[in-house]
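The structure appears right after this line, and notes come after that.
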């Protein structure tokens with residue numbers, strides 16, 4: 015296994031792909047539903063149970079960080095977690111309508127169904143924490159690339175299940191290939207995560223702070239947005255699944271998976287082909303939230319396409335989930351804080367919101383539509399998401415989230431400027447120089463040629479990246495007036511009169527560095 019990991023360093027990180035594939039196959043009903051299902055009732059129950067169990071475990075882990083961290087670092091911990099999750103999936107299969115349901119009373123079957131869902135979610139929650147530790151040890155560009163790889167694993171797993179022979183051990187029941195994938199994928203996720211013991215750079219050496227005090231206020235605002243967003247998006251989707259046929263739900267799952275593959279391709283291109291100075295995750299956050307608001311708000315405005323559009327709603331949740339995973343990994347890496355705390359709160363809040371949203375959408379949203387009207391209810395939900403995106407956690411709060419926590423620590427922009435060639439050699443130590451891209455070399459050349467001070471150089475870098483004075487002040491943790499003073503000095507020394515002229519000058523020097 016050590017030789018295999020050395021030959022393919024990305025292998026342990028593909029545990030995230032197997033984890034997400036397990037969740038998607040479970041929540042889409044692709045592998046375990048039989049032909050006796052007439053709606054998404056059982057699908058909703060399993061998704062709610064699974065999400066609440068995973069989210070609850072991750073949130074509870076934040077109250078025993080040292081113990082959880084030491085347990086996750088044991089070689090067999092993820093194997094046990096995968097086995098528990100696979101056992102839960104096996105229970106769900108065995109109590110199907112063509113297996114144990116005719117032999118056992120309904121209360122027993124119902125109890126076993128809940129137990130299976132809880133075991134399934136608890137095991138996946140533990141693996142998610144271990145994946146958070148692994149991804150939190152990676153530089154940002156490597157995180158983006160491996161998240162893209164993981165999406166290809168999800169897509170390959172999903173379409174292999176769809177393309178496998180439809181032969182079922184019992185006529186009318188789920189196919190053998192589908193049942194095997196449903197049961198074995200969580201175990202595969204645990205096995206892949208256990209390969210992390212062969213990684214040359216272990217995660218614990220990177221962690222400096224295991225306390226919540228290392229996290230800024232912006233992080234807790236982010237949690238509120240994550241919870242509300244996942245609640246609303248999942249409730250909209252669950253309300254549609256509850257009244258739609260299984261065929262409609264499965265068709266929507268295939269459409270979302272195709273879009274997911276395109277998203278993975280985009281992520282891979284971003285990680286490999288886009289320079290760090292052009293990667294603005296704050297802008298991306300705003301785009302994702304605005305697109306989600308527009309999608310939810312437009313649902314009541316259509317009639318024939320209503321069901322189809324509602325099936326596409328999970329795509330916004332997928333985009334947000336991958337975006338969230340990257341952001342949480344960035345926080346762990348930049349601040350050298352505990353992945354158990356960051357992912358326990360961050361991804362735990364997402365899973366908890368997803369479970370509560372499904373429960374609300376399947377049980378109560380229809381009643382709300384009847385009481386206040388469907389259009390009004392959708393509009394209220396869209397306004398709530400909009401308020402979260404631009405009032406509670408705005409793009410400015412996003413920038414504050416990555417203000418360096420200590421003197422000399424790199425910002426997110428500086429970390430994104432590191433190329434993959436440098437990152438593939440492992441995380442840089444504090445006593446090692448950081449390899450800079452053409453943009454960074456251009457900034458240094460201008461600073462040397464025009465004798466800029468260190469703070470003027472920082473302001474030059476922000477101006478060249480298109481930031482205004484307010485954003486620059488937030489990123490550098492200085493006042494707006496100080497930024498304006500440094501800006502005037504930079505303009506005077508460089509002989510430019512506007513930000514556009516400055517950007518053009520930096521672009522010329524950057525091209526010359528190439």
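Residue numbers (the numbering used here): 15 to 528.
From the three backbone atoms N, C-alpha and C, an ideal C-beta is built for every residue, glycine too.
| Query | Result |
| --- | --- |
| Residue 500 classed as buried or exposed, judged by whether at least 16 other C-beta atoms fall within 10 angstroms | buried |
| Pair within 8 Å by beta-carbon distance, residue 339 and residue 61 | no |
| Environment of residue 64 [buried if 16+ CB atoms lie within 10 Å] | buried |
| Start and end residues, alpha helix (DSSP H) containing residue 51 | That residue, residue 51, is in no alpha helix (DSSP H); it is neither H nor E in DSSP. |
| Cβ pair count under 8 Å reaching 3, the region 74 to 92 against the region 377 to 385 | no |
| Residue environment, residue 75, which counts as buried when at least 16 other CB atoms sit within 10 Å | buried |
| Exposure of residue 297, with buried meaning 16 or more beta-carbon neighbours within 10 Å | exposed |
| Meets three-Cβ-pair contact criterion under 8 Å: the region 86 to 103 and the region 132 to 152 | yes |
| Residue ranges of each alpha helix (DSSP H) within the region 51 to 92, 4 or longer | 55 to 75 and 79 to 86 |
| Cutoff 6 Å; reference residue 398; Cβ partners in own chain excluding five residues on either side | none |
| Whole alpha helix (DSSP H) elements within the region 97 to 160, 4-residue minimum | 120 to 150 |
| Alpha helix (DSSP H) segment containing residue 380, residue limits | 379 to 386 |
| Residue 497 versus residue 486: straight-line alpha-carbon distance, rounded | 7 Å |
| Proximity winner among 412, 361, 329 and 505, relative to residue 270 (alpha-carbon distances) | 329 |
| For residue 514, three-class secondary structure by DSSP | helix |
| Short Cβ contact (8 Å threshold) for residue 26 with residue 171 | no |
| Spatial neighbours of residue 16 in its chain, beta-carbon cut-off 7 Å, leaving aside the 5 residues before and after | 212 |
| Stretch-stretch touch, CB-based, cutoff 8 Å, three pairs: the region 118 to 136 with the region 406 to 413 | no |
| Whole runs of the alpha helix (DSSP H) within the region 165 to 218, excluding any shorter than 4 residues | 190 to 208 |
| Status (buried if at least 16 other CB within 10 Å, exposed otherwise) for residue 521 | exposed |
| Residue-chain proximity (residue 407, chain C), Cβ-Cβ < 8 Å | In the structure shown, chain C does not exist; there is a single protein chain. |
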